[in-house]
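In our numbering, the protein residues as written are 215 to 654.
Below you'll find the structure, written out as structure tokens, and then a few comments.
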């Protein structure tokens with residue numbers, strides 16, 4: 215339909231190579247809505263007559279219910295919809311729908327509207343998962359557990375503190391999407407192919423009708439820039455990375471070696487050969503899909519980095535990164551939320567892990583610091599104490615006063631007082647002694 219400058223049709227292979235129809239169905243509704251707003255604006259500004267507008271709008275409304283087929287000679291959804299409008303409304307009326315508009319501002323509009331809706335859905339899902347984390351933190355508020363660095367026991371903590379750490383991270387994700395929404399929610403419609411139009415259109419009217427807060431003022435920027443896509447996918451990659459970290463923790467803690475948590479059967483899979491297996495496949499797929507989303511983000515940035523100003527067909531390939539990213543985010547948030555609601559916490563195992571470890575060592579060292587011992591000296595003393603206990607396979611509280619005495623040099627610490635500090639150090643006293651803001 216657009217090839218008046220050129221002779222002949224595209225050959226089959228070239229059309230298949232150029233066509234984005236199969237990827238464009240995600241934005242078909244937005245293309246129709248944008249065309250409706252544009253048509254109403256043309257009518258209000260006396261650019262087209264009312265009977266023409268009625269025919270166009272009627273055709274567009276009927277197209278909302280149509281199931282589009284990928285078997286089309288059209289290169290994209292914009293050409294397909296316009297050709298169908300012309301068929302339904304007639305050439306004289308339907309042929310005026312595209313007045314003062316280009317596919318360049320049209321596709322930018324459609325993508326912004328699609329991402330805008332996706333962000334709203336993602337934020338609703340984020341709110342739900344944050345609420346679940348807070349609810350579970352209240353439920354397990356007093357459950358003591360070891361906290362880890364390098365997958366080695368580090369300090370005594372609370373399971374609720376662990377859950378709230380992810381709630382805080384996901385709240386930052388929510389904030390990122392909120393900020394991104396503001397930059398997505400600006401209308402490019404009316405920018406034309408690149409330099410605007412000589413027809414007296416009203417861009418503010420279409421922006422208001424479509425719910426945008428304002429305009430992308432510069433017509434070159436409006437049709438060229440896809441930084442809003444990169445920003446959306448960047449926020450998506452960060453969110454998925456946070457979900458992947460949470461998934462990894464739950465995967466490790468659900469192993470028989472840890473047994474800190476048990477995943478509900480409905481979120482696990484079996485082995486085809488080993489009857490005892492209960493595999494955390496859903497959480498593993500969160501990790502795998504995170505890699506996909508990061509890849510989509512990199513694909514968009516790689517696409518954008520070398521483009522000259524103005525629309526280039528390379529931008530068509532950006533859409534294939536957006537749609538699957540949105541689907542992965544929404545489905546991942548839904549399943550992780552369900553997993554968190556149903557996970558069983560083994561409080562006994564968490565406590566046993568603390569009892570056989572040395573996660574109160576820092577508390578003993580800091581007790582010495584409060585007695586006036588330099589921290590580096592306290593660190594050395596307690597480190598040697600842990601080494602001695604480890605060799606003897608003892609808890610710190612089971613060490614004799616003679617064993618304690620051997621780690622003290624030059625009477626730097628009163629041995630009886632130090633022994634008393636060790637005996638009084640418990641996971642509970644460790645938590646009660648925390649003073650810094652934000653600690654367990």
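Note that beta-carbon positions come from the ideal geometry of N, C-alpha and C, so glycine has one too.
Computed from a prediction, not measured in an experiment: that's the story for all the values here.
| Asked | Found |
| --- | --- |
| Touching or not, the segment 365 to 375 and the segment 398 to 418, by the rule of three or more beta carbon pairs under 8 Å? | no |
| Do you know how far the Cα of residue 467 is from the Cα of residue 562? | 13 Å |
| Does any CB atom of chain C fall closer than 8 Å to the CB of residue 248? | The displayed structure is made up of one protein chain only, and chain C is not part of it. |
| Spatial neighbours of residue 250 within its chain, please: CB distance less than 7 Å, with the 5 preceding and 5 following residues excluded, ordered by chain position. | 271, 274 |
| On the CB-based measure, 16 or more other CB atoms within 10 Å of its CB, does residue 450 come out buried or exposed? | buried |
| Which of helix, strand or coil does DSSP assign to residue 456? | helix |
| With a Cβ-Cβ cutoff of 8 Å, do residue 599 and residue 610 count as a contact? | yes |
| On the three-pair Cβ rule with 8 Å, is the segment 379 to 392 touching the segment 228 to 238? | no |
| What is the DSSP secondary structure of residue 631, counted as helix, strand or coil? | helix |
| Can you tell me whether residue 471 is helix, strand or coil according to DSSP? | coil |
| Helix, strand or coil for residue 538 per DSSP? | helix |
| Ignoring anything shorter than 4 residues, give me the alpha helix (DSSP H) runs that lie fully in the segment 548 to 606, in order along the chain. | 561 to 569, 575 to 584, 589 to 606 |
| In terms of alpha-carbon separation, which member of 255, 647, 564, 398 lies closest to residue 414? | 255 |
| So residue 347 and residue 377 are supposed to be a Cβ contact under 8 Å. How far apart are they, rounded? | 5 Å |
| How far does the beta strand (DSSP E) with residue 370 in it reach, from first residue to last? | 366 to 372 |
| Determine the extent of the alpha helix (DSSP H) in which residue 360 is found, giving its start and end residues. | Taken as a continuous stretch (DSSP letters only), residue 360 belongs to no alpha helix (DSSP H), being part of the beta strand (DSSP E) at 358 to 363. |
| Less than 8 Å separating the beta-carbons of residue 241 and residue 291? | yes |
| For residue 269 and residue 303, what's the separation of their Cα atoms in angstroms? | 5 Å |
| Might you give, ordered along the chain, the residues of its own chain that have their beta carbon closer than 6 Å to the beta carbon of residue 457, omitting 5 neighbours on each side? | 500, 546, 550 |
| Please classify residue 642 as buried or exposed, where buried requires at least 16 other C-beta atoms within 10 Å of its C-beta. | exposed |
| At a cut-off of 7 Å, is residue 606 close to the ligand SAH when judged by its beta-carbon and the heavy atoms of the ligand? | Questions concerning the ligand SAH fall outside what the structure shown contains, since it holds no ligand whatsoever. |
| Does the distance from the CB of residue 645 to the CB of residue 638 come in under 8 Å? | no |
| Once the 5 residues before and after residue 648 are set aside, which same chain residues still bring their CB inside 7 Å of it? | 654 |
| What's the C-alpha gap between residue 522 and residue 267? | 37 Å |
| How many angstroms separate the CA atom of residue 492 from the CA atom of residue 503? | 21 Å |
| Under the rule that 16 or more other beta-carbon atoms within 10 Å means buried, what is residue 556, buried or exposed? | exposed |
| Since residue 387 contacts residue 340 with CB under 8 Å, what's their CB separation in whole angstroms? | 6 Å |
| Whole angstroms are fine: how far does the CA of residue 425 sit from the CA of residue 469? | 49 Å |
| Once you ignore the five residues that flank residue 326 on each side, which residues in its own chain have a CB closer than 6 Å to its CB? | 398 |
| Measure from the alpha carbon of residue 435 to the alpha carbon of each residue in 525, 317, 634, 227, then state which is nearest. | 525 |
| By alpha-carbon positions, which one of 554, 553, 558, 509 ends up nearest to residue 534? | 509 |
| What does the Cβ neighbour count give for residue 252, buried or exposed, with the cut at 16 atoms within 10 Å? | buried |
| Going by beta-carbon coordinates alone, are residue 476 and residue 558 separated by less than 8 Å? | yes |
| To which residues does DSSP link residue 493 through a beta bridge? | 483 |
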